[in-house]
Amino acid sequence: MIVWLLALLQALLAVALAPLLVGWVRKVKAWLQNRRGAPLLQPYADLRKLLTKDTRVAHTASPLFRVAPYIVFVATWLACVTVPLIALDLPTAGIADIIVLVGLLALARFFLALAGMDVGTAFGGMGASREMLISALAEPALLMAVFTLAMTAHSTSLVGVMEHHLTDGFLLRPSYLFAFGALVLVALAECGRIPIDNPATHLELTMVHEAMLLEYTGRYLALMEWAAWIKLLLYGVLLVNVFLPWGIATAFTPTALALGLIAVVVKLALLGAALAVGETVTAKMRLFRVPGFLNLALLLGLLGLLSHVILEVGA
Amino acid sequence: MIADPSLSLALFAVLLALASAAVAPLAGRRPRLLRRGAVPLLGMAGAMALVAGLWTLSAGTSASAILPLGLPWLPWHVRLDPLAAVFLVLIGLVTTAVGFYGRDYVRDFERGRDSLTALGGFSGLFLAGMLLVVLADDAFVFMVAWELMSLASYFLVAFQHEQAANRRAAFLYLLMAHIGGLAILLGFGVLAGFGGGFDFASLRAAELSPLWAGVAFALALLGFGMKAGLVPLHAWLPEAHPVAPSHISALMSGVMLKVAVYGFIRVVFDLNGAVHWSWGVALIGIGGLSALVGVLFALMQTDLKRLLAYSSVENLGIIFIALGLALLFQATAHSNLAALALVAALYHALNHALFKSLLFLGAGAILHSTHERDLDQMGGLLRRMPWTGSFFLIGCLSISALPPFNGFVSEWLIFQAALQAWNLDSGVLRSLVPIASAVLALTGALVAATFVKVYGIAFLGQARSRHVRRARPSPRGMWVGQGLLAAFCVLFGVLPTQILSLLDPIAVQLLGNGVPQADAGGWLWLTPISAETASYSAPLTILLLALIAGAAILWFRRRTSWRVRRCDPWDCGFAPPTPRMQYTAASFAQPIRRVFALLFVIDEAQETGADGVTRYRLKITDRTWGWLYLPLARTVDSASRQVARLQSGSVRVYLGWTLMTLLVLLWIIAL
Numbered sequence: 002m003i004v005w006l007l008a009l010l011q012a013l014l015a016v017a018l019a020p021l022l023v024g025w026v027r028k029v030k031a032w033l034q035n036r037r038g039a040p041l042l043q044p045y046a047d048l049r050k051l052l053t054k055d056t057r058v059a060h061t062a063s064p065l066f067r068v069a070p071y072i073v074f075v076a077t078w079l080a081c082v083t084v085p086l087i088a089l090d091l092p093t094a095g096i097a098d099i100i101v102l103v104g105l106l107a108l109a110r111f112f113l114a115l116a117g118m119d120v121g122t123a124f125g126g127m128g129a130s131r132e133m134l135i136s137a138l139a140e141p142a143l144l145m146a147v148f149t150l151a152m153t154a155h156s157t158s159l160v161g162v163m164e165h166h167l168t169d170g171f172l173l174r175p176s177y178l179f180a181f182g183a184l185v186l187v188a189l190a191e192c193g194r195i196p197i198d199n200p201a202t203h204l205e206l207t208m209v210h211e212a213m214l215l216e217y218t219g220r221y222l223a224l225m226e227w228a229a230w231i232k233l234l235l236y237g238v239l240l241v242n243v244f245l246p247w248g249i250a251t252a253f254t255p256t257a258l259a260l261g262l263i264a265v266v267v268k269l270a271l272l273g274a275a276l277a278v279g280e281t282v283t284a285k286m287r288l289f290r291v292p293g294f295l296n297l298a299l300l301l302g303l304l305g306l307l308s309h310v311i312l313e314v315g316a
Numbered sequence: 216m217i218a219d220p221s222l223s224l225a226l227f228a229v230l231l232a233l234a235s236a237a238v239a240p241l242a243g244r245r246p247r248l249l250r251r252g253a254v255p256l257l258g259m260a261g262a263m264a265l266v267a268g269l270w271t272l273s274a275g276t277s278a279s280a281i282l283p284l285g286l287p288w289l290p291w292h293v294r295l296d297p298l299a300a301v302f303l304v305l306i307g308l309v310t311t312a313v314g315f316y317g318r319d320y321v322r323d324f325e326r327g328r329d330s331l332t333a334l335g336g337f338s339g340l341f342l343a344g345m346l347l348v349v350l351a352d353d354a355f356v357f358m359v360a361w362e363l364m365s366l367a368s369y370f371l372v373a374f375q376h377e378q379a380a381n382r383r384a385a386f387l388y389l390l391m392a393h394i395g396g397l398a399i400l401l402g403f404g405v406l407a408g409f410g411g412g413f414d415f416a417s418l419r420a421a422e423l424s425p426l427w428a429g430v431a432f433a434l435a436l437l438g439f440g441m442k443a444g445l446v447p448l449h450a451w452l453p454e455a456h457p458v459a460p461s462h463i464s465a466l467m468s469g470v471m472l473k474v475a476v477y478g479f480i481r482v483v484f485d486l487n488g489a490v491h492w493s494w495g496v497a498l499i500g501i502g503g504l505s506a507l508v509g510v511l512f513a514l515m516q517t518d519l520k521r522l523l524a525y526s527s528v529e530n531l532g533i534i535f536i537a538l539g540l541a542l543l544f545q546a547t548a549h550s551n552l553a554a555l556a557l558v559a560a561l562y563h564a565l566n567h568a569l570f571k572s573l574l575f576l577g578a579g580a581i582l583h584s585t586h587e588r589d590l591d592q593m594g595g596l597l598r599r600m601p602w603t604g605s606f607f608l609i610g611c612l613s614i615s616a617l618p619p620f621n622g623f624v625s626e627w628l629i630f631q632a633a634l635q636a637w638n639l640d641s642g643v644l645r646s647l648v649p650i651a652s653a654v655l656a657l658t659g660a661l662v663a664a665t666f667v668k669v670y671g672i673a674f675l676g677q678a679r680s681r682h683v684r685r686a687r688p689s690p691r692g693m694w695v696g697q698g699l700l701a702a703f704c705v706l707f708g709v710l711p712t713q714i715l716s717l718l719d720p721i722a723v724q725l726l727g728n729g730v731p732q733a734d735a736g737g738w739l740w741l742t743p744i745s746a747e748t749a750s751y752s753a754p755l756t757i758l759l760l761a762l763i764a765g766a767a768i769l770w771f772r773r774r775t776s777w778r779v780r781r782c783d784p785w786d787c788g789f790a791p792p793t794p795r796m797q798y799t800a801a802s803f804a805q806p807i808r809r810v811f812a813l814l815f816v817i818d819e820a821q822e823t824g825a826d827g828v829t830r831y832r833l834k835i836t837d838r839t840w841g842w843l844y845l846p847l848a849r850t851v852d853s854a855s856r857q858v859a860r861l862q863s864g865s866v867r868v869y870l871g872w873t874l875m876t877l878l879v880l881l882w883i884i885a886l
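Line order of the protein sequences matches chains A and B.
The first sequence: position 184 = 185 (this note's numbering), numbered continuously.
The second sequence: position 440 = 655 (this note's numbering), numbered continuously.
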């Protein structure tokens, strides 16, 4: 019972932390650009404002348009719930392994793209078409990176992978380095960050994610934005907790849990700062340069897998 | 005569299908008889087959019988074992739904000029042929039933034969089906040559040398692969399947392709006992190619039914990847992993039958209401046809392998089987299998893109033509048929452990090893290898999804004013969008077309006609035509021209040839 309660707490924590991570990235970016920037807690205020506003829906929208935000939000959240955030062996992790997690994110993306096409504007279709291209190229790279981890740990469950990592100690495996590189590139693409997409843009022809949300207002927009932030948090946690799981609570004692929380917050803060630096020093690329970027991710993933199979299995 | 009740039930289903065919000739005079007699009989035959299959699967037994039909020295052997039973279930499920759907769908043809006798009669024969293929227990019955199935479906493809394109598609189909049939016959011949008899028991007992076993495998792959539409033998499929009436397209794509899978499993896993690992590699390669090429061409199509046909090529590719994994693991003595891969293949076969039939029935409903197959004319259909739209969405989600629907479970199982490749000893194989799973991942993502396109263009947005804007909801029988299949799509996705335990006897029968550990953690948790390795809990996922969504909505109800105002679309503040400004099917696929341009022959141009109107033209052709089919056709043409030289018109030359032949034959006998 207590473990399920903990799982619920962790699930709520992920939702609560997501806007903070986004606020932090924006703040660091502002500092790097010599601006003061919006307050750290601005995303919470944005959410509150959107949630209390009236909602407007286009005449041409179908019922799917109004259901989609809930499905997107819930599927993304559920994917996030299955990722160990502060404690390792919670029962929710058994609901889904890494492949199911990718599937849940795909479910969210499917409805996001459909919602973009629903109103029947040119921008929505454009965003959906581009999003599906990017995801089609990113998904194999993501799964290659994930398979490298899974084959090392002989398990596709995230807990299995992290436990394997913890018991093995810190080993600099070449396959992990490649997989990490692949996962970083995929995370940038999937979360719609620079250089693939710009979350701050509203310049019509460069939008991908924003183009699909163009017709949303009020609480629907809040849900969609929040889901995108949760997704950013999810990829961040995947990167820091799978490759560097140290600090995560393996026992359910208060000190271990507190330590786990501090560890993940510090790791995410560092990762967020790195993301801000990366976004400051690079420029967004043309859409048809994206396949090259993601092929690099796929190549890294494949190299990781092959180096695991060739170098590490027999040894 | 026949002791086993489930076998007699199955044979009764065949009789019902034949009865449905027998009623049809009367429909020429009384058109209603097709709707009131032939189609319901077809549905009942399906229901019987379903019951017989489920009975056998739950009992886990097999029964055989000898029918007093056929050749004097070779009576008909029939047998119903778990493998046959699962395919009976598959045929039965889809045919029952088609029975409901067809009653309203064929009403369209009552007023038309097309022959109702042909439609009803050949549908019945087609179903009887498919059921008999599955029940056959000797090569003779198998081939007779196979040809019955192929010929009956040829006439159904040629049903609307006034259009030249349909006649051409039907001829191509007939040609390919017969080359395939020939390969299957030769394959049986190889097995029978060593076995000493044509019944499956003696074929099974045949001791083949590795070379001949390989020949038998290659012939089976060629023959069944041609029927299953594997690349590069797929060219007939996207031509033939779309031109049949939609409920028949559902049967062809959903069921007949699975009968080919059945034949392949029967010959390779059951009859041709000794397996070699290289066969598995060949299957994985061909399957991967089919999956990728199939989905990329599906993505490029703008004709809805043609798109669905190409997507069948992709799904059959996925099934053959899983079968290849099963062969690979079986040949390297990992029979528990082989069992997992085989069960995954069967699961995906069942799933594909369900969702592809559902989608074809949906396409038929659109065709019925709007007389439109072109995606670029559709739009906004969800609001015009809410039932069809909702069921079609379930089909799209299932085929895109999204949790918690059925397509996801089978693809997840295939991934799990592929990830066990570290058990293999050979380093080459260990790295090959994960690459195959990368292809599978790419395929999965492209399928999602394809069906976002289909659903977004056809059902969402605004209508792109006037007749689509006036679409009416389809009659009740049609959406009942779709609803049945949609319900099974959800059921197969949410209860994976139950389905796996139904499929388990087949793995035990063919490989001597099942997947008993799959529900070790209780029915809620699917654990194909062990709980530590991987687990997936679809019912819990659904429950959590529903709970969280409910809680979220409740919270919002409390917190905010539940007011929604309607307004014009924003669209960045430009002029109000017209339906013509929407993305079309072709423009949606444009980025992917550009990225994978090497695979297609793209003919794209802007032409200004004599009337001064500029039109955009886009035609995408399969490269296999230029690489394989046209050279082959030219070779056959020139060879036949050489042979035609014999035909000089002089009687003396002909007599000379006859004498020569006689002498050669006498010489052969004398040897």
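Backbone N, C-alpha and C fix where the C-beta goes; we use that ideal spot for every residue, glycine too.
Does residue i come out as helix, strand or coil in the three-state DSSP assignment?
i: TRP785 of chain B; result: coil
i: PRO290 of chain B; result: strand
i: GLU454 of chain B; result: helix
i: PRO794 of chain B; result: helix
i: LEU198 of chain B; result: No statement about residue 198 of chain B is possible, as the shown extent of chain B runs from 216 to 886 and does not include it.
i: TYR320 of chain B; result: helix
i: LEU138 of chain A; result: helix
i: ASP640 of chain B; result: coil
i: ARG383 of chain B; result: helix
i: LYS54 of chain A; result: coil
i: GLY248 of chain A; result: coil
i: ALA88 of chain A; result: strand
i: ARG688 of chain B; result: It is Pro, not Arg, that sits at residue 688 of chain B in the sequence shown. PRO688 of chain B: coil per DSSP, three-state reduction.
i: ARG220 of chain A; result: helix
i: GLY444 of chain B; result: coil
i: ARG36 of chain A; result: coil
i: LEU239 of chain A; result: helix
Distance check for residue j and residue i, CA to CA, integer angstroms please.
i: HIS309 of chain A; j: LEU233 of chain A; result: 28 Å
i: HIS376 of chain B; j: PHE575 of chain B; result: 21 Å
i: ALA237 of chain B; j: PHE315 of chain B; result: 20 Å
i: TRP78 of chain A; j: GLY622 of chain B; result: 22 Å
i: GLU822 of chain B; j: TYR831 of chain B; result: 6 Å
i: LEU769 of chain B; j: PRO20 of chain A; result: 22 Å
i: PHE370 of chain B; j: LEU256 of chain B; result: 20 Å
i: ASP589 of chain B; j: GLY595 of chain B; result: 14 Å
Let's see if you can read the secondary structure: which residues bound the alpha helix (DSSP H) around residue i?
i: THR256 of chain A; result: 255–282
i: PHE888 of chain B; result: Outside the displayed span of chain B (216 to 886) sits residue 888 of chain B, for which this structure offers no information.
i: TYR477 of chain B; result: 472–480
i: ILE744 of chain B; result: It is not in any alpha helix (DSSP H) - ILE744 of chain B carries neither H nor E in the DSSP assignment.
i: PRO711 of chain B; result: 711–726
By the DSSP assignment, the beta strand (DSSP E) with residue i in it spans what residues?
i: ASP852 of chain B; result: Not the beta strand (DSSP E): ASP852 of chain B falls in the alpha helix (DSSP H), residues 845–858.
Spell out the partners DSSP gives residue i in its beta bridges.
i: ILE835 of chain B; result: B:ILE817
Mind checking whether the beta-carbon of residue i lies closer than 7 Å to any heavy atom of the ligand FMN?
i: GLY24 of chain A; result: Among the components modelled here there is no ligand, and therefore nothing to report on the ligand FMN.
So does the segment 159–173 of chain A actually touch the segment 80–91 of chain A, counting three or more Cβ pairs closer than 8 Å? Contact between the segment 159–173 of chain A and the segment 80–91 of chain A is present: 3 or more CB-CB pairs across the two stretches fall below 8 Å.
Hey, is the segment 752–760 of chain B in contact with the segment 646–653 of chain B, meaning 3+ C-beta pairs nearer than 8 Å? Flag = no, the segment 752–760 of chain B and the segment 646–653 of chain B do not touch.
Touch check for the segment 87–96 of chain A and the segment 20–38 of chain A: three-plus C-beta pairs under 8 Å? No, because fewer than three Cβ pairs between the segment 87–96 of chain A and the segment 20–38 of chain A fall closer than 8 Å, the two stretches do not touch.
Between the segment 418–429 of chain B and the segment 463–472 of chain B, do at least 3 Cβ pairs fall closer than 8 Å? With the rule of 3 Cβ pairs closer than 8 Å, the segment 418–429 of chain B does not count as touching the segment 463–472 of chain B.
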